[in-house]
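Take the position in the sequence shown, starting the count at 1, then add 21; the result is the number in the working numbering.
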Amino acid sequence: MTTQPPSEPETAAVPTCYRHPGRETYVRCQRCNRPICPDCMRDASVGFQCPECVAEGNKTVRQAQATFGGQAVTVPRVTWTLIVINVLAYLAETVSPTWVLNNFTMHAYYVYYGEWWRLITGAFLHQSPSDGSFALTHILFNMWALYAIGPELERRLGHARFLTLYMLSALGGSVAIYLFGIEAVGASGAIFGMFGALFVLARKLGFDVRGVLWLIGINVVLTVVVPGISWQGHLGGLITGGLVATILAFAPPKNRNAIQWGGCIALAVVLVALVMLLPPFAVQAALGLSS
22 MTTQPPSEPE
32 TAAVPTCYRH
42 PGRETYVRCQ
52 RCNRPICPDC
62 MRDASVGFQC
72 PECVAEGNKT
82 VRQAQATFGG
92 QAVTVPRVTW
102 TLIVINVLAY
112 LAETVSPTWV
122 LNNFTMHAYY
132 VYYGEWWRLI
142 TGAFLHQSPS
152 DGSFALTHIL
162 FNMWALYAIG
172 PELERRLGHA
182 RFLTLYMLSA
192 LGGSVAIYLF
202 GIEAVGASGA
212 IFGMFGALFV
222 LARKLGFDVR
232 GVLWLIGINV
242 VLTVVVPGIS
252 WQGHLGGLIT
262 GGLVATILAF
272 APPKNRNAIQ
282 WGGCIALAVV
292 LVALVMLLPP
302 FAVQAALGLS
312 S
């Protein structure tokens with residue numbers, strides 16, 4: 022048994038695709054009724070639609086969102102990118118440790134005299150491979166923490182908000198080092214910021230936070246007990262990450278985007294102002310200078 026196209030008057034022209042005039046077709050879009058060829062057919066609930074009608078229909082479909090705003094995240098690209106950047110920075114240290122550390126370590130003295138980039142670059146460096154086995158442990162722990170916690174936070178916050186959390190936590194840790202320490206390297210400020218954010222988001226979502234408290238407590242103890250660890254960077258990152266997460270999680274639904282981004286910008290301004298207006302107290306004490 023065979024089928025034939027619908028009968029048309031002998032004088033009627035054969036329909037052609039509205040997007041490809043040279044192609045004959047007897048199939049029409051279910052929405053606009055224009056003829057469409059096989060290359061232009063898009064499956065619909067009934068029959069086919071043309072590409073333009075499909076695109077128009079998609080505009081009315083509400084896009085999935087992350088829990089606290091932003092587009093839904095399926096692949097945590099920001100987390101993987103941050104890990105790659107940290108690893109590449111570590112490889113640069115293996116090639117030229119003296120040059121990299123001398124120019125990019127977070128050092129309060131040099132920041133005070135205008136080398137502001139150290140507030141960020143120091144958060145992507147780790148102990149030089151020439152410092153022994155602990156140097157490798159340093160980056161491995163931080164990257165493990167980023168790998169373990171980062172994807173969950175990124176899925177809850179979305180790409181942009183998670184990146185903002187990470188960078189502001191890193192900046193907060195560096196500002197604390199500037200004010201109360203002398204020098205340090207490592208992503209630990211940003212990692213502790215993630216710990217603080219994990220606690221705030223868990224409380225907001227009604228999850229059991231005892232595991233997060235144990236995680237934070239163990240790391241605080243290690244910060245105090247293990248020599249050579251910058252407690253300033255850890256504490257600054259923890260507080261900043263908690264503040265950022267509070268802004269993102271507790272912003273009211275109405276005007277949520279404006280409140281979230283406005284709050285984060287205000288926090289960044291405060292951190293920068295602390296560096297601009299206050300001296301590095303620990304450096305002054307070490308050099309015997311008065312404020």
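All C-beta atoms in this analysis are idealised placements derived from N, C-alpha and C, irrespective of residue type, glycine included. Please read all numbers here as calculations on a predicted model, not as lab measurements.
When the options are compared against residue i, the one with the closest alpha-carbon
| i | options | result |
| --- | --- | --- |
| alanine 218 | Val108, Ile280, Glu175 | Glu175 |
| glutamine 86 | Gln305, Thr95, Gly249 | Thr95 |
| lysine 275 | Arg139, Gly90, Leu264, Phe201 | Gly90 |
| tyrosine 199 | Pro301, Pro273, Pro150, Pro72 | Pro301 |
| alanine 129 | Gly254, Pro42, Ile280, Trp282 | Gly254 |
| valine 105 | Ile160, Ser251, Ser209 | Ile160 |
| alanine 270 | Leu226, Leu122, Tyr168 | Leu226 |
| alanine 3 | Gly249, Thr244, Arg40, Val48 | Because the chain here runs from 22 to 312, residue 3 falls outside it and cannot be looked at. |
Beta-carbon spacing of residue i, residue j below 9 Å
| i | j | result |
| --- | --- | --- |
| glycine 207 | glycine 135 | no |
| glycine 257 | valine 196 | yes |
| serine 190 | valine 265 | yes |
| glutamine 51 | valine 67 | yes |
| threonine 261 | glycine 194 | yes |
| lysine 146 | phenylalanine 162 | The residue asked about is misnamed: residue 146 is leucine in this sequence, not lysine. Not closer than 9 Å, so no. |
| valine 132 | leucine 140 | yes |
Beta bridge counterpart(s) of residue i as assigned by DSSP
| i | result |
| --- | --- |
| methionine 127 | Ala205 |
| phenylalanine 228 | In DSSP, phenylalanine 228 forms no bridge with anything. |
| phenylalanine 69 | Asp64 |
| proline 56 | Arg49 |
Burial state of residue i, where buried means 16 or more other Cβ atoms lie within 10 Å
| i | result |
| --- | --- |
| glutamine 127 | It should be noted that the sequence gives methionine, not glutamine, for residue 127. Buried. |
| threonine 119 | exposed |
| threonine 23 | Any reading at threonine 23 is ruled out, since the residue's pLDDT is 47, under 50, leaving its predicted position unreliable. |
| glycine 43 | exposed |
| glutamine 70 | buried |
| serine 209 | buried |
| phenylalanine 201 | buried |
Extent of the continuous alpha helix (DSSP H) to which residue i belongs
| i | result |
| --- | --- |
| valine 39 | Note on identity: in this sequence residue 39 is tyrosine, with valine being the wrong assignment. Tyrosine 39 -> no alpha helix (DSSP H), and no H or E assigned at all. |
| leucine 310 | Per DSSP, leucine 310 belongs to no alpha helix (DSSP H) and is neither H nor E. |
| histidine 255 | 252-271 |
| asparagine 278 | 277-298 |
beta-carbon residue i near the ligand SAH non-hydrogen atom, thresh 8 Å
| i | result |
| --- | --- |
| arginine 49 | Among the components modelled here there is no ligand, and therefore nothing to report on the ligand SAH. |
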